[in-house]
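All remarks here apply to the structure that follows.
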Amino acid sequence: MEKYCVGIDVDKHTFKACLMVQSDRKKVLSSRSFKNVFSGFTGLLLWVEKWCKDHQVNFVMEATGVYHEYLAYFLHDKNQVTHVVLPLRSKRYMQSLGIRSKTDPIDAKGLSMMGLEQDLEQWIPASKHLLELRSLTRQIETLQAHGTAFKNQREGAKHTKVLHRSVLKSLEKMITEVQTQIDKLEKQVEKLIFNDPVLKQKYDQLTSIKGVGLMSFAVVVAETNGFLLFKNHRQLVCYAGYDVVENQSGRRVGKTKISKKGNAHIRRILNMSSWAVVRYKIEPFHSLFNRVYERTKMKMKGYVSVQRKLLVMMYTLWVKGEKFDPKYGSSGNQELMPLFSVGSTGTRKATASINVEAALDGLPCNQSPKPSFR
Numbered sequence: 575m576e577k578y579c580v581g582i583d584v585d586k587h588t589f590k591a592c593l594m595v596q597s598d599r600k601k602v603l604s605s606r607s608f609k610n611v612f613s614g615f616t617g618l619l620l621w622v623e624k625w626c627k628d629h630q631v632n633f634v635m636e637a638t639g640v641y642h643e644y645l646a647y648f649l650h651d652k653n654q655v656t657h658v659v660l661p662l663r664s665k666r667y668m669q670s671l672g673i674r675s676k677t678d679p680i681d682a683k684g685l686s687m688m689g690l691e692q693d694l695e696q697w698i699p700a701s702k703h704l705l706e707l708r709s710l711t712r713q714i715e716t717l718q719a720h721g722t723a724f725k726n727q728r729e730g731a732k733h734t735k736v737l738h739r740s741v742l743k744s745l746e747k748m749i750t751e752v753q754t755q756i757d758k759l760e761k762q763v764e765k766l767i768f769n770d771p772v773l774k775q776k777y778d779q780l781t782s783i784k785g786v787g788l789m790s791f792a793v794v795v796a797e798t799n800g801f802l803l804f805k806n807h808r809q810l811v812c813y814a815g816y817d818v819v820e821n822q823s824g825r826r827v828g829k830t831k832i833s834k835k836g837n838a839h840i841r842r843i844l845n846m847s848s849w850a851v852v853r854y855k856i857e858p859f860h861s862l863f864n865r866v867y868e869r870t871k872m873k874m875k876g877y878v879s880v881q882r883k884l885l886v887m888m889y890t891l892w893v894k895g896e897k898f899d900p901k902y903g904s905s906g907n908q909e910l911m912p913l914f915s916v917g918s919t920g921t922r923k924a925t926a927s928i929n930v931e932a933a934l935d936g937l938p939c940n941q942s943p944k945p946s947f948r
C-alpha cells in the first residue's frame with residue numbers, strides 16, 4: 575500500500591515542500607517552494623492534487639514559532655491530515671539518519687521521511703479563546719521581564735556617581751507604564767476566563783489549591799490547550815520539561831535532573847506557585863518539600879518536586895471535574911472529552927481514556943516510593 579507524505583519547512587516569507595511516496599521503497603516525487611501567504615497555501619494543495627489524486631496525503635511541519643500557524647490552520651480547515659512536530663524531535667531524527675548538512679530542502683525531505691516512517695499524532699488546533707488567552711499570558715510574561723530589567727537599571731543608576739537626573743525619571747516612567755499595561759492585560763485575562771462558563775467552572779476547581787491563582791491557571795491551561803494534548807499525566811510532565819534525566823555509565827553516577835526540554839512558560843509560572851504552597855504549608859505539597867529537602871539538602875529540588883506535583887494535581891482536577899481536597903483522594907478511569915468552548919472546533923474527536931496517578935514524591939530524586947490516591 576502506497577503512503578504519501580509532504581514535509582514542509584516553514585520560514586517567515588516562504589516554505590519548502592517535499593512530496594514523497596513509500597511503496598517498496600521511499601521516493602521523492604517532487605519538491606517546490608511556495609510563498610507563506612494564502613495564495614501559496616492554495617498552490618500547495620493544487621500541486622499535491624496533481625501528483626496524488628485520490629490518495630490521502632499527510633502533511634508534516636515543524637513548530638517554528640508562529641510562522642507555521644497560518645498554514646497549519648489552513649490545512650486543518652481543508653480536512654487535511656496535519657502533523658506539527660517539535661524541532662528537537664525532527665533534529666534527533668535527522669541525526670539518526672546521519673544527515674549533517676542543514677538547508678531548507680534537506681529539512682523538508684527529512685520531515686517527509688519522518689512522516690512516512692513514524693506514526694505521528696494528528697495536530698489538534700486550540701480554540702479561539704485559548705489562543706487569545708495564550709497571547710495575553712505571554713505578553714504579560716514579556717512585560718514582566720521588561721519591568722524587571724528596568725528596575726535593575728534603576729537600582730544600578732542610584733549607585734552611579736555621575737548621572738543625569740532625566741535618566742532616573744525615564745526609568746521610573748517606564749516602570750510605571752509597564753505595570754499599568756500588566757494590570758490592564760490581567761483584567762483582560764480575568765474577563766476572558768469569567769465570560770466562558772466552562773473555563774470559569776474549571777477555574778473554580780483548579781484555584782481551590784491555595785497557591786494556584788489566576789495567572790497560574792491561565793498559563794497552564796493556555797499552554798496545554800485545555801489538556802487535550804495529552805492522554806496521561808506522564809505526557810504532560812514531559813511536555814513541561816519535568817521528566818527526569820539520569821546520567822550513569824559503569825561505575826560513574828552523574829547528577830539526576832529534570833530535562834527542561836519542554837514548555838518553559840509552564841515551569842516559570844509553577845515556580846512561583848510552588849513557593850506559595852510551601853509558604854502556606856498546603857498539604858501534601860509542604861510535606862513533599864520537607865521530605866526532598868531533608869534527603870538532598872537542596873531547597874530547589876524540593877520546589878521542583880512541588881512544581882511537578884502541582885501540575886499533575888491540576889491535570890487530575892481538570893479531568894475529574896473536582897475541587898482540591900488534601901484529605902481525600904480517589905482513583906479510576908476518566909474519559910477526557912473535548913469541551914466545546916475550550917477544545918478544537920474541528921470534526922476530529924480528541925478523547926482519551928487515562929489512569930490518573932499521583933506524582934512521584936521524590937522527583938527529581940528518584941528514590942521515593944510511588945504513592946497513589948486510594
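So the sequence shown is numbered by the numbering used here: it starts at 575 and just counts up by one.
Every residue, glycine too, gets a C-beta built ideally from N, C-alpha and C.
The structure displayed is predicted, hence computed values, not measured ones.
Rounded straight-line distance, which links the Cα of residue j to that of residue i
i	j	result
H720	T711	14 Å
F914	Y816	With a pLDDT of 40 at F914, under the threshold of 50, the predicted position of this residue should be treated as unreliable, and no value is reported.
G824	V818	19 Å
V794	V786	10 Å
K873	P661	32 Å
Y867	K829	16 Å
T919	S701	Note on T919: pLDDT 44, under 50, position unreliable in the model; the coordinate value appears next. Approximately 7 Å between the Cα atoms of the pair.
Q727	K774	39 Å
D651	I698	11 Å
H839	K627	42 Å
A646	L788	30 Å
S613	G800	32 Å
V659	G876	32 Å
D678	T616	21 Å
L592	V602	Here residue 592 turns out to be Cys, not Leu, going by the sequence shown. Roughly 7 Å between the two C-alpha positions.
E715	Q755	11 Å
K676	V827	35 Å
V640	W621	24 Å
R708	T798	10 Å
Y854	L619	56 Å
T781	S861	20 Å
E695	F804	11 Å
E751	S847	26 Å
Y644	E706	15 Å
Buried versus exposed call for residue i [16 or more other C-beta atoms within 10 Å across all chains shown]
i	result
G730	exposed
E820	exposed
E576	exposed
P858	buried
K883	buried
D528	Outside the shown range of the chain (575 to 948) lies residue 528, about which nothing can therefore be said.
T722	exposed
T925	Any answer about T925 is weak, because its pLDDT of 40 lies below 50 and its placement is not dependable; what the coordinates show is given next. It is exposed - the Cβ of T925 has fewer than 16 other Cβ atoms within 10 Å.
Short Cβ contact (7 Å threshold) for residue i with residue j
i	j	result
F633	N610	no
L802	Y889	no
Y667	V631	no
V584	H629	no
F898	I783	yes
S790	I856	no
Q753	L891	no
V886	H807	yes
L717	A796	no
H724	L742	Note on residue identity: the sequence assigns Phe, not His, to residue 724. Not a contact, by the Cβ cut-off of 7 Å.
Proximal residues to residue i (C-beta, below 8 Å), its chain only, five neighbours per side dropped
i	result
R841	A814, G815, Y816, K834, Q881
K600	M594, M687, L690
D681	G581, D583, K590, E636, S664, M668
G684	G581, S664, Y667, M668, L671, I673
S605	K590, A591, C592, L593, P679, A682, K683
Neighbourhood of residue i by C-beta distance below 7 Å, restricted to the same chain and skipping five residues each side
i	result
L649	F633, T656
K624	none
Q822	G828
Check: residue i C-beta below 6 Å from any heavy atom of the ligand FMN
i	result
L884	In the structure shown, the ligand FMN is absent, as is every other ligand, since no ligand is present at all.
Proximal residues to residue i (C-beta, below 6 Å), its chain only, five neighbours per side dropped
i	result
K923	Residue placement at K923 cannot be trusted, given a pLDDT of 40 that sits under 50; the coordinates are not used to answer.
Y777	I767, F791
K901	none
K586	Y641
Problem set entry | the region 722-740 contacting the region 756-765, beta-carbon criterion three pairs below 8 Å | Too few Cβ pairs lie closer than 8 Å, so no.
For this session: Indicate whether the contact test is met: 3 or more Cβ pairs, each with one atom in the region 766-773 and one in the region 831-845, closer than 8 Å.
Result: No, the region 766-773 does not touch the region 831-845.
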